[in-house]
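Protein chains: 2
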Amino acid sequence: MRLSGAEWKVMSVVWDRGTASARDVLDVLEAETEWAYTTVKTILARLAGKGALAVEMRGNTSEYQAKVTQEEARQSALLSLADSAFEGSLSPMLHFLANRDSISKKDREELIALLEAKPGRPGRKGGR
Amino acid sequence: MRLSGAEWKVMSVVWDRGTASARDVLDVLEAETEWAYTTVKTILARLAGKGALAVEMRGNTSEYQAKVTQEEARQSALLSLADSAFEGSLSPMLHFLANRDSISKKDREELIALLEAKPGRPGRKGGR
DNA sequence: TGACTCCTTCTACAGCTGTAGTAGTTTGCC
DNA sequence: GGCAAACTACTACAGCTGTAGAAGGAGTCA
């Protein structure tokens, strides 16, 4: 499930709200975009078309609901970026990020804690 | 500098070799793609057009050389992904990655070492 | 000098993305 | 019951991407 830039914006609103109409999405995005109502509709339709959203008519209004989780979408975006830009694996990406000096001390500490907290997980594969 | 999937493949070869002709690129990529020679040429031309590559004629052959580093390209790809999918900041992305249980024990240890090795950099902000 | 081979530039075309407009249907209100 | 508001479905169109084909110049070898 590959999402385009505009699709991410729309999905974010739906993830946030659980369920949303085109109007809801537009109301939220009005702050950051200048989209016309029909632009939102088009993107929603495309998302429904590719199976990212479920649509249900309520009265004369379509209500949209996410069929993929944000986690899943994020993961697949990261994998796809790793694939094109980081030799296909997440770990060079992590290394790259961990090396950035734009990471704050606080972040670093949190991350260390996170990484240390993870269980050993010796042989397990095919997670989730 | 936004690179498309095909452009990443081509840039990778150029980064690897320092300088490359279309033929060189094709030779390397023949293993993983089935591109025609002219496909490679098209992508090279687009990359030159957007300033990612410099071109120099040597005999009757164009030699291409990277004008952006892999680091820069990776960074901007990550920023752009962070922007669309992770609320605009790298740290949720790092958190997300660090939380994946697909990270090997070895990676975790390396990362912890990396993160711990970074200097304190106390008050500095607005990085790079 | 002609046939190959290799390289170049130009052109093409379909699918995806951003961004809507138009027209037709429902609905709520006076 | 009719009009405005809101919704829907359909259509459009330009720019980007993947993927080439065609045509033509140049070096090379018999």
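Residue numbers (my numbering), protein chains in the order written: chain H, 8 to 135; chain C, 8 to 135.
Even for Gly, the Cβ is constructed at its ideal location relative to N, Cα and C.
All values reported here derive from a predicted model rather than from experimental measurement.
Interface residues of chain H facing residue i [CB-CB closer than 7 angstroms]
{"i": "G12 (chain C)", "result": "S91"}
Cross-strand partners of residue i (DSSP beta bridge)
{"i": "T26 (chain C)", "result": "C:Q72"}
{"i": "E63 (chain C)", "result": "C:E70"}
Listed by chain order, chain C residues near residue i by CB distance under 9 angstroms
{"i": "K125 (chain H)", "result": "A105, N106, D108, I110, K112 and R115"}
Residues of the stretch 61–93 of chain H in Cβ contact with chain C at a cutoff of 9 angstroms, in chain order, please. For the stretch 61–93 of chain H, the set of residues with a beta-carbon nearer than 9 angstroms to any beta-carbon of chain C comprises Q77, E78, A80, R81, Q82, A84, L85, S87, L88, D90, S91, A92 and F93, in chain order.
Output, in sequence order along the chain, the residues in the stretch 98–122 of chain C whose CB is closer than 8 angstroms to any CB in chain H. Within the stretch 98–122 of chain C, S98, M100, L101, H102, F103, L104, A105, N106, R107, D108, S109, I110, S111, K112, D114, R115, E117, L118, I119, L121 and L122 place their CB atoms closer than 8 angstroms to a CB of chain H, listed in sequence order.
The stretch 65–75 of chain C touching the stretch 53–68 of chain H, judged by at least three CB pairs closer than 8 angstroms: As far as the Cβ criterion goes, the stretch 65–75 of chain C does not touch the stretch 53–68 of chain H, which means the pair count is below three.
Any residues in the stretch 12–40 of chain H with a beta carbon nearer than 8 angstroms to a beta carbon of chain C? Which ones, in chain order? Those would be G12, W15 and K16, in chain order.
Every unbroken beta strand (DSSP E) within the stretch 105–130 of chain H, with a cutoff of 3 residues, ordered by chain: Taken in chain order, the stretch 105–130 of chain H contains no complete beta strand (DSSP E) segment of 3 residues or longer.
Any chance you could list the alpha helix (DSSP H) runs of at least 4 consecutive residues sitting entirely within the stretch 73–99 of chain C, in chain order? Runs found: 77–92.
How do the stretch 59–66 of chain C and the stretch 94–104 of chain C stand: do at least 3 beta-carbon pairs fall below 8 angstroms, yes or no? The stretch 59–66 of chain C is not in contact with the stretch 94–104 of chain C.
With three or more C-beta pairs closer than 8 angstroms as the rule, is the stretch 107–123 of chain H touching the stretch 34–41 of chain C? Judged by Cβ distances under 8 angstroms, the stretch 34–41 of chain C makes no contact with the stretch 107–123 of chain H, as fewer than three pairs qualify.
For the stretch 8–53 of chain H, list the alpha helix (DSSP H) runs that are entirely contained and at least 4 residues long, ordered along the chain. Taken in chain order, the complete alpha helix (DSSP H) segments of 4 or more residues contained in the stretch 8–53 of chain H are 12–24 and 29–36.
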